[in-house]
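Beneath this line is the structure, given in C-alpha coordinates, with notes to follow.
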Amino acid sequence: MAQYKNPTPTVDCIVELPRDRIVLIKRKNPPLGWALPGGFVDEGETLHAACVREVHEETGLEVDLTEQFFTYSDPRRDPRQHTISTVYIGWAEGEPQGSDDAAEAKAFALDAIPGDLCFDHGTIVSDYVTYKRTGKRRKI
1198 MAQYKNPTPT VDCIVELPRD RIVLIKRKNP PLGWALPGGF VDEGETLHAA CVREVHEETG
1258 LEVDLTEQFF TYSDPRRDPR QHTISTVYIG WAEGEPQGSD DAAEAKAFAL DAIPGDLCFD
1318 HGTIVSDYVT YKRTGKRRKI
(Lines of atoms letter the chains of each structure in order from A and count residues from 1; the text may use other names and numbers.)
(Lines give C-alpha, C1' and ligand atoms only; values in the text may rest on other atoms or scores of the structure.)
Protein backbone atom coordinates (compact mmCIF):
# COMPACT_ATOMS: atom_id res chain seq x y z
CA MET A 1 0.00 0.00 0.00
CA ALA A 2 1.34 3.47 -0.93
CA GLN A 3 2.08 5.81 1.94
CA TYR A 4 -0.03 8.97 1.99
CA LYS A 5 2.12 12.11 1.82
CA ASN A 6 1.00 15.53 2.99
CA PRO A 7 2.48 18.93 2.16
CA THR A 8 4.59 20.40 4.95
CA PRO A 9 3.28 23.52 6.75
CA THR A 10 5.51 26.57 6.78
CA VAL A 11 5.15 30.24 7.67
CA ASP A 12 6.62 33.41 6.21
CA CYS A 13 6.45 36.95 7.51
CA ILE A 14 6.37 40.33 5.87
CA VAL A 15 8.01 42.32 8.67
CA GLU A 16 7.27 46.01 8.31
CA LEU A 17 9.76 48.48 9.74
CA PRO A 18 9.55 52.26 10.06
CA ARG A 19 10.05 54.29 6.86
CA ASP A 20 8.07 51.83 4.69
CA ARG A 21 10.67 49.08 4.71
CA ILE A 22 10.36 45.30 4.95
CA VAL A 23 12.86 42.71 6.16
CA LEU A 24 14.48 40.11 3.94
CA ILE A 25 17.06 37.49 4.85
CA LYS A 26 19.89 36.13 2.73
CA ARG A 27 19.72 32.35 3.06
CA LYS A 28 22.75 30.32 4.24
CA ASN A 29 21.39 27.08 2.82
CA PRO A 30 20.01 26.12 -0.61
CA PRO A 31 18.06 27.45 -2.23
CA LEU A 32 20.33 30.48 -1.90
CA GLY A 33 19.20 34.07 -2.28
CA TRP A 34 16.99 36.61 -0.55
CA ALA A 35 13.76 35.51 1.12
CA LEU A 36 11.17 36.58 3.64
CA PRO A 37 11.95 35.37 7.15
CA GLY A 38 10.13 32.15 7.89
CA GLY A 39 10.40 28.40 8.05
CA PHE A 40 8.88 25.13 9.10
CA VAL A 41 6.21 24.80 11.76
CA ASP A 42 7.28 22.52 14.62
CA GLU A 43 5.00 19.77 15.86
CA GLY A 44 2.72 21.12 18.61
CA GLU A 45 3.29 24.75 17.53
CA THR A 46 0.64 27.15 16.27
CA LEU A 47 1.21 28.94 12.98
CA HIS A 48 1.49 32.38 14.56
CA ALA A 49 3.91 31.12 17.24
CA ALA A 50 6.06 29.52 14.52
CA CYS A 51 6.09 32.80 12.62
CA VAL A 52 7.17 34.85 15.64
CA ARG A 53 9.85 32.26 16.48
CA GLU A 54 11.24 32.09 12.94
CA VAL A 55 11.43 35.89 12.62
CA HIS A 56 13.28 36.12 15.92
CA GLU A 57 15.67 33.28 15.07
CA GLU A 58 16.56 34.70 11.65
CA THR A 59 16.54 38.45 12.32
CA GLY A 60 16.73 39.01 16.08
CA LEU A 61 13.56 41.12 15.85
CA GLU A 62 10.51 40.77 18.08
CA VAL A 63 7.64 40.93 15.60
CA ASP A 64 4.07 41.87 16.46
CA LEU A 65 1.85 40.03 13.97
CA THR A 66 -0.98 42.25 12.74
CA GLU A 67 -2.74 40.08 10.18
CA GLN A 68 -2.76 36.79 8.35
CA PHE A 69 -2.14 37.81 4.74
CA PHE A 70 -2.62 34.78 2.49
CA THR A 71 -1.78 31.07 2.22
CA TYR A 72 0.41 30.05 -0.72
CA SER A 73 0.22 26.41 -1.77
CA ASP A 74 1.59 25.95 -5.30
CA PRO A 75 3.31 22.54 -5.15
CA ARG A 76 6.28 24.10 -7.02
CA ARG A 77 6.79 26.99 -4.56
CA ASP A 78 9.67 25.21 -2.79
CA PRO A 79 12.07 23.14 -4.93
CA ARG A 80 12.90 20.88 -1.96
CA GLN A 81 9.39 19.60 -1.24
CA HIS A 82 5.70 20.48 -1.38
CA THR A 83 5.04 23.11 1.28
CA ILE A 84 2.07 25.26 2.19
CA SER A 85 3.01 28.66 3.60
CA THR A 86 0.75 30.84 5.67
CA VAL A 87 2.06 34.39 5.31
CA TYR A 88 1.64 36.97 8.05
CA ILE A 89 2.18 40.71 8.12
CA GLY A 90 3.74 42.12 11.26
CA TRP A 91 5.72 45.09 12.46
CA ALA A 92 8.90 45.52 14.41
CA GLU A 93 11.36 48.18 15.42
CA GLY A 94 15.15 48.08 15.26
CA GLU A 95 17.52 46.82 12.62
CA PRO A 96 17.56 43.14 11.67
CA GLN A 97 20.66 41.02 12.27
CA GLY A 98 21.06 37.76 10.37
CA SER A 99 21.35 34.65 12.54
CA ASP A 100 20.38 30.95 12.61
CA ASP A 101 20.06 29.94 8.94
CA ALA A 102 20.12 33.55 7.71
CA ALA A 103 23.56 34.69 6.57
CA GLU A 104 22.29 38.27 6.55
CA ALA A 105 19.12 40.20 7.34
CA LYS A 106 18.42 43.59 5.87
CA ALA A 107 15.61 46.13 5.58
CA PHE A 108 14.58 47.17 2.08
CA ALA A 109 12.38 49.99 0.81
CA LEU A 110 9.49 48.64 -1.27
CA ASP A 111 10.96 50.15 -4.44
CA ALA A 112 14.38 48.55 -3.80
CA ILE A 113 13.51 44.87 -3.28
CA PRO A 114 16.12 42.54 -4.83
CA GLY A 115 14.90 40.76 -7.94
CA ASP A 116 16.28 37.33 -7.07
CA LEU A 117 13.93 36.24 -4.28
CA CYS A 118 13.79 32.52 -3.43
CA PHE A 119 10.76 30.29 -3.54
CA ASP A 120 7.62 32.23 -4.53
CA HIS A 121 8.60 35.20 -2.37
CA GLY A 122 8.71 37.52 -5.39
CA THR A 123 5.01 36.79 -5.90
CA ILE A 124 4.28 37.25 -2.19
CA VAL A 125 6.07 40.61 -2.06
CA SER A 126 4.34 41.75 -5.27
CA ASP A 127 0.97 40.77 -3.79
CA TYR A 128 1.86 42.68 -0.61
CA VAL A 129 2.87 45.83 -2.52
CA THR A 130 -0.42 45.69 -4.46
CA TYR A 131 -2.32 45.25 -1.18
CA LYS A 132 -0.55 48.21 0.46
CA ARG A 133 -1.19 50.47 -2.54
CA THR A 134 -4.76 49.44 -3.38
CA GLY A 135 -6.16 47.55 -0.38
CA LYS A 136 -6.90 44.60 -2.69
CA ARG A 137 -5.77 41.08 -1.86
CA ARG A 138 -4.87 38.25 -4.20
CA LYS A 139 -7.93 36.52 -5.59
CA ILE A 140 -8.43 32.88 -4.74
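Per our numbering: the sequence shown = residues 1198 to 1337. All C-beta atoms, glycine included, are put in the ideal place defined by N, C-alpha and C. The structure displayed is predicted, hence computed values, not measured ones.
Of the other Cβ atoms in all chains shown, fewer than 16 fall within 10 Å of the Cβ of aspartate 1313; this residue is therefore exposed. Under DSSP, the beta-bridge partners assigned to arginine 1224 are Ala1299. Taken in chain order, the whole alpha helix (DSSP H) runs of length 4 or more contained in the stretch 1222 to 1268 are 1244 to 1256. Minimum Cα-Cα distance from lysine 1303 among the listed residues Leu1244, Asp1275, His1245 and Gly1257 corresponds to Gly1257. The beta carbon of isoleucine 1281 lies closer than 8 Å to those of Pro1204, Thr1205, Pro1206, Thr1207, Thr1268, Tyr1269 and Ser1270 in the same chain, with the five residues before and after it left out. Using a Cβ distance threshold of 8 Å, glutamate 1290 and proline 1234 do not count as a contacting pair.
Between isoleucine 1222 and glutamate 1301, the C-beta gap is smaller than 8 Å, which places the two residues in contact. In the structure shown, the three-state DSSP call for serine 1282 is strand. Taking a cut-off of 8 Å for Cβ pairs, the stretch 1244 to 1259 and the stretch 1318 to 1331 do not touch, as fewer than three such pairs fall below it.
With fewer than 16 other CB atoms across the displayed protein chains lying within 10 angstroms of its CB, arginine 1273 is exposed. Glycine 1236 counts as buried, since no fewer than 16 other beta carbons sit within 10 angstroms of its beta carbon.
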